[in-house]
Amino acid sequence: MTLDRAVLAFAGIVVLTSALLTWLVSPYWLLLTGFAGLNMLQSAFTGFCPAAIAFRALGVPAGKAF
Numbered sequence: 051m052t053l054d055r056a057v058l059a060f061a062g063i064v065v066l067t068s069a070l071l072t073w074l075v076s077p078y079w080l081l082l083t084g085f086a087g088l089n090m091l092q093s094a095f096t097g098f099c100p101a102a103i104a105f106r107a108l109g110v111p112a113g114k115a116f
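Written as structure tokens, this is what we have:
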């Protein structure tokens, strides 16, 4: 798995987990979904992604976007 796919998979897990927690626990978990969305949006414009930095430090091979 490349860094690009790892970041996308992580973002998907965060959004799905947030949706599940919103349904089971509290609507305030939608803030996590909003945070993930804003992070993906700023990453598209700036190329800076904290998750990509973390995955790179863990040794995930580079992709084309990050």
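So the mapping is simple: my numbering equals the position in the sequence shown, first residue as 1, plus 50. We treat Cβ as the ideally placed atom computed from N, Cα and C, and that holds for glycine.
Which term fits residue i, buried or exposed, when burial requires 16 or more other beta carbons within 10 angstroms of its beta carbon?
i: residue 75; result: exposed
i: residue 53; result: buried
i: residue 105; result: buried
Between the beta-carbon of residue i and the beta-carbon of residue j, is there less than 8 Å?
i: residue 93; j: residue 83; result: no
i: residue 86; j: residue 61; result: yes
So, under 8 Å CB-CB, residue i and residue j are touching, yes? Tell me the CB distance rounded to an integer number of Å.
i: residue 101; j: residue 57; result: 5 Å
i: residue 72; j: residue 80; result: 5 Å
I'd like the list of long-range same chain contacts for residue i, defined as Cβ closer than 6 Å, with 5 residues on each side in sequence excluded.
i: residue 97; result: none
Suppose only complete runs of 4+ residues qualify. What are the alpha helix (DSSP H) ranges in the segment 67-114, listed by chain order? 80-96, 100-107
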